[in-house]
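Going line by line, the protein sequences match chains A and B. Going by this note's numbering, 347 is the number at position 138 of the first sequence; the sequence numbering is gapless. Going by this note's numbering, 233 is the number at position 24 of the second sequence; the sequence numbering is gapless. We treat Cβ as the ideally placed atom computed from N, Cα and C, and that holds for glycine. Contents: one structure, followed by commentary.
Number of protein chains: 2
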Amino acid sequence: MTDTPLAARPHDHSRCVSHALAEAEAICTRQGLRLTALRKRVLELVWASHKPLGAYDILGVLSDEDGRRAAPPTVYRALDFLLENGLVHRIASLNAFVGCSHPEHAHQGQFLICRACHAATELEQPAISQAIVDGAAGVGFVVENQTVEVVGLCAGCKGAA
Amino acid sequence: MTDTPLAARPHDHSRCVSHALAEAEAICTRQGLRLTALRKRVLELVWASHKPLGAYDILGVLSDEDGRRAAPPTVYRALDFLLENGLVHRIASLNAFVGCSHPEHAHQGQFLICRACHAATELEQPAISQAIVDGAAGVGFVVENQTVEVVGLCAGCKGAA
DNA sequence: ATAAGAGACGTTATTATATTACCCGTTCAT
DNA sequence: ATGAACGGGTAATATAATAACGTCTCTTAT
Chain A
210 MTDTPLAARP
220 HDHSRCVSHA
230 LAEAEAICTR
240 QGLRLTALRK
250 RVLELVWASH
260 KPLGAYDILG
270 VLSDEDGRRA
280 APPTVYRALD
290 FLLENGLVHR
300 IASLNAFVGC
310 SHPEHAHQGQ
320 FLICRACHAA
330 TELEQPAISQ
340 AIVDGAAGVG
350 FVVENQTVEV
360 VGLCAGCKGA
370 A
Chain B
210 MTDTPLAARP
220 HDHSRCVSHA
230 LAEAEAICTR
240 QGLRLTALRK
250 RVLELVWASH
260 KPLGAYDILG
270 VLSDEDGRRA
280 APPTVYRALD
290 FLLENGLVHR
300 IASLNAFVGC
310 SHPEHAHQGQ
320 FLICRACHAA
330 TELEQPAISQ
340 AIVDGAAGVG
350 FVVENQTVEV
360 VGLCAGCKGA
370 A
């Protein structure tokens, strides 16, 4: 495992995207879910951006590409499907969405958001989740869902500064 | 220290509110900040509710109490002031605000939000913050700001169920 | 005293984000 | 063939936040 998050490394991102799409196809097929053209396109757009993408950004692209102008529910429905099936995550502090790096298993990621390049990196650290569960248990609280969103400087931007 | 969060215990909440207001006054005086009537009233409203309060909820109350109808910037400005000076926190996942339990020192809380009673409890666990800083450091990311918002069942509601 | 500047807040309008309700066409199991 | 379930189009609306500008009231240097 390298020390630098993917988003900060130069790489052929189209590979990431097509890999993510293929994986999504496989998961949907396996689970009898319908990854329609629209849903797939939305997933592709989300993945194509390293920075979390707003629903209205997606809407704009969709509107541009086929002349007619898409309406919000079109995008939100697709996003709901993708969220429900763990193919994307929502970043509450940004009102935006990112592709899920590990859609093959249920989980809630933790997110590192660079304030300079705006890239979001998904982390999946049991130590963090556990610390939260333990801390909550200390006051008798049972955790069902965690939102962990961290702003700071990614390795690349820190180096550049 | 008890095992039950404050919000889940029966208590005279008006005491909490007046204590919070008095503390805010003291802090503002000490730091040469102006806790105007409006700001104080907004802080009071936020504190009076155990569940995070939306800006437009506050707006509604303000509009009701003096006949004229308050406009959004009135509330947002007051909230900005309170946020900047650590007197309230914003819960990103709810678009809502809660009074800060420990305004006397700078910090970023972690929040436990009960899905049944909607009360939000502030936690301040160094173990959680540290786990996040460590996890981020593992990929070369420098943490500047943490958002930790946890949904689940509080002690009271868990017992009731 | 007074003018200049800063801060707090009112007011209007606008932008950004998300949801509701209703409709239509396709698919697929009966 | 039929009708329920699902995907998605469309219009309208709800909710959250900000922009731009004006006014009043302080303070403070002159």
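Contact check for valine 284 of chain A against valine 251 of chain A passes: the beta carbons are separated by less than 8 Å. Pairing lysine 367 of chain B with valine 352 of chain A, the inter-Cα distance amounts to about 11 Å. For glutamine 240 of chain B, the enclosing alpha helix (DSSP H) covers residues 222-240. Listed along chain B, the residues sitting closer than 7 Å to serine 302 of chain A by beta-carbon distance are Ala301, Thr356.
CA-CA distance, alanine 279 of chain A to leucine 268 of chain A, rounds to 6 Å. Between the segment 340-360 of chain A and the segment 312-320 of chain A there are three or more inter-stretch CB-CB distances shorter than 8 Å, so the stretches are counted as touching. Secondary structure at alanine 279 of chain A: coil, using DSSP grouped into helix, strand and coil. Nearest in C-alpha terms to leucine 247 of chain B, of all of B:Ala345, B:Leu362, B:Val270, B:His228, is B:Val270. In chain order, Thr356 place their CB closer than 6 Å to the CB of alanine 301 of chain B, counting only its own chain and leaving out the 5 sequence neighbours on each side. If you check the CB distance, alanine 370 of chain A and histidine 259 of chain A do not come in under 8 Å. Contact annotation: cysteine 323 of chain A and leucine 362 of chain A have beta-carbon atoms nearer than 8 Å. Bounds of the beta strand (DSSP E) holding cysteine 323 of chain A are 319-323.
Ranked by Cα distance from tyrosine 265 of chain B, the options B:Pro281, B:Leu254, B:Asp273, B:Glu274 are led by B:Pro281.
Between glycine 308 of chain B and valine 255 of chain B a beta carbon distance of about 5 Å is seen, short of the 8 Å cut, so the two are scored as contacting. Collapsing the DSSP output to three states places arginine 286 of chain B in a helix. For glutamine 355 of chain A, the beta-bridge partners assigned by DSSP are B:Val359.
Secondary structure at valine 307 of chain B: strand, using DSSP grouped into helix, strand and coil. DSSP lists B:Ala305 as the beta-bridge partner residues of isoleucine 300 of chain B.
CA-to-CA, the gap between alanine 340 of chain B and glutamine 334 of chain A works out to about 9 Å. Interface annotation, cysteine 309 of chain A: not in contact with chain B, CB-CB separation never under 8 Å. DSSP places alanine 364 of chain A in the uninterrupted alpha helix (DSSP H) bounded by 364-369. The shortest C-alpha to C-alpha distance from phenylalanine 306 of chain B to any of B:His298, B:Arg286, B:Ala233 is the one to B:His298.
Cα atoms of histidine 311 of chain B and threonine 238 of chain A: separation of roughly 51 Å, rounded to the nearest angstrom. When the five nearest sequence neighbours on each side are left out, the beta carbons in the same chain lying within less than 8 Å of the beta carbon of alanine 325 of chain A are those of Leu362, Cys363, Cys366, Ala369, Ala370, in order along the chain. Counting the other CB atoms within 10 Å of its CB gives serine 223 of chain A a total below 16, which places it among the exposed residues.
Apart from sequence neighbours up to five positions away, the residues of its chain that approach valine 360 of chain A with a beta-carbon distance below 7 Å are Ile322, Arg324, ordered along the chain. Annotated as proximal: glutamate 234 of chain A and leucine 244 of chain A, with beta-carbon spacing under 8 Å. Cα atoms of leucine 332 of chain B and aspartate 273 of chain A: separation of roughly 46 Å, rounded to the nearest angstrom.
Between glycine 344 of chain A and alanine 336 of chain B, the beta carbon gap of about 6 Å places them in contact (Cβ cut-off 8 Å). The C-beta distance from isoleucine 236 of chain A to glutamate 313 of chain A rounds to 7 Å, short enough to meet the 8 Å contact threshold.
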